[in-house]
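Position one of the sequence shown corresponds to residue 32 (the working numbering), numbered consecutively onward.
Even for Gly, the Cβ is constructed at its ideal location relative to N, Cα and C.
A quick note: this is a predicted structure, and the numbers were derived from the prediction, not measured.
Working notes, beginning with the structure itself.
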Amino acid sequence: MKKLIIWLVLVLTIVLVFWLGQRFGARVVSERTLSNSLIVREIAELASLEVQGTASIKRSNLTNDGGWEDNFRKMFAENTIWVTVPYTAKFGVNVNENNFKVAVGEKEVVVTLPPTQLLSYELRLDQMETANKKGWFMFSDDETYTDVQKKLYTTSRQQIEQNKDYREQSKVKIYKIISQYYAPFNLVVKVKFGDEAPQTLPLN
């Protein structure tokens with residue numbers, strides 16, 4: 032009888048230790064997953080928004096004012112060039128140790144990220160289309176096309192970089208992916224970009 036009691040106590044002790052290990056071990060795993068800033072950082076960096084479009088530019092030495100000088104130039108010295116090039120741009124966050132943070136509370140998680148921005152911009156020069164109109168005394172000049180391409184890159188990149196809609200779309204994409212990551216934990220999740228107020232995310 033005494034041996035039976037000892038065995039029962041031993042079995043109950045093992046079961047209790049196993050149960051406590053499962054419970055607190057799961058909690059440790061959950062807390063580590065919640066506060067794993069490396070995973071969240073990689074998620075935010077990979078959630079970039081890709082945008083494709085077409086950039087175009089026209090350069091001409093005509094004023095189109097109808098004057099005799101402009102008409103003379105149009106016949107003999109006109110140099111008008113059109114260049115159209117497809118582009119690919121990516122928007123997202125440029126994360127580093129100073130602008131990224133994951134703060135885990137009892138009932139909420141706050142993820143701080145830098146503002147969304149243009150990460151890369153590429154002109155697809157292999158798909159470039161050009162056209163020109165020249166006066167009788169004007170000839171083709173490769174340097175002119177090179178200058179026009181440089182001007183096109185600078186102006187079109189600046190326009191894309193200032194596009195608020197693309198930056199907002201990039202934020203929405205990051206919101207969605209971070210929300211999916213934290214959904215199993217049933218916590219309030221807030222994401223903050225730069226100096227903006229934190230945005231509470233719906234957890235689906």
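Query - Entirely enclosed beta strand (DSSP E) segments - the segment 201–225, minimum 3 residues - result: You should have 219–224.
Report task. For lysine 121, name the three-state secondary structure that DSSP assigns. Result -> Lysine 121: strand per DSSP, three-state reduction.
Query - the segment 216–231 contacting the segment 134–142, beta-carbon criterion three pairs below 8 angstroms - result: yes
Requested in this report: Evaluate the contact criterion for the segment 149–159 versus the segment 203–219: three or more CB pairs, one atom per stretch, below 8 angstroms.
Outcome: no
**Report entry** Nearest neighbour of threonine 175, chosen from Val114, Gly84, Ser87 [CA to CA]
**Finding:** Val114
Query raised in the report: In or out: alanine 134 buried (at least 16 other Cβ within 10 Å) or exposed?
Result: exposed
**Report entry** According to DSSP, residues forming a beta bridge with arginine 90
**Finding:** Ile112
Query - As assigned by DSSP and simplified to three states, the class of threonine 175 - result: Under the three-state reduction of DSSP output, threonine 175 falls in the helix class.
Requested in this report: Kindly indicate which three-state DSSP category lysine 182 falls into: helix, strand or coil?
Outcome: helix
Query - For tyrosine 152, the residue or residues it bridges with in DSSP - result: Ala120
Requested in this report: State buried or exposed for leucine 232, treating a residue as buried only when at least 16 other CB atoms are found within 10 Å of its CB.
Outcome: buried
Requested in this report: Could you name the residues of the same chain whose beta carbon sits closer than 7 angstroms to that of aspartate 226, not counting the 5 residues immediately before and after it, in chain order?
Outcome: none
Query raised in the report: In its own chain, which residues sit with a C-beta less than 7 angstroms from the C-beta of leucine 218, not counting the 5 before and 5 after it?
Result: Lys138, Glu139, Val140
Query raised in the report: What's the C-alpha gap between phenylalanine 122 and lysine 89?
Result: 27 angstroms
Query raised in the report: Within this structure, are the beta carbons of isoleucine 191 and alanine 78 separated by less than 9 angstroms?
Result: Cβ distance not < 9 angstroms, so isoleucine 191 and alanine 78 don't count as in contact.
Query raised in the report: The beta strand (DSSP E) spanning valine 126 covers which residue range?
Result: Segment: none, valine 126 is in no beta strand (DSSP E) and carries neither H nor E.
Query - Beta carbon of leucine 69 nearer than 9 angstroms to that of valine 116 - result: no
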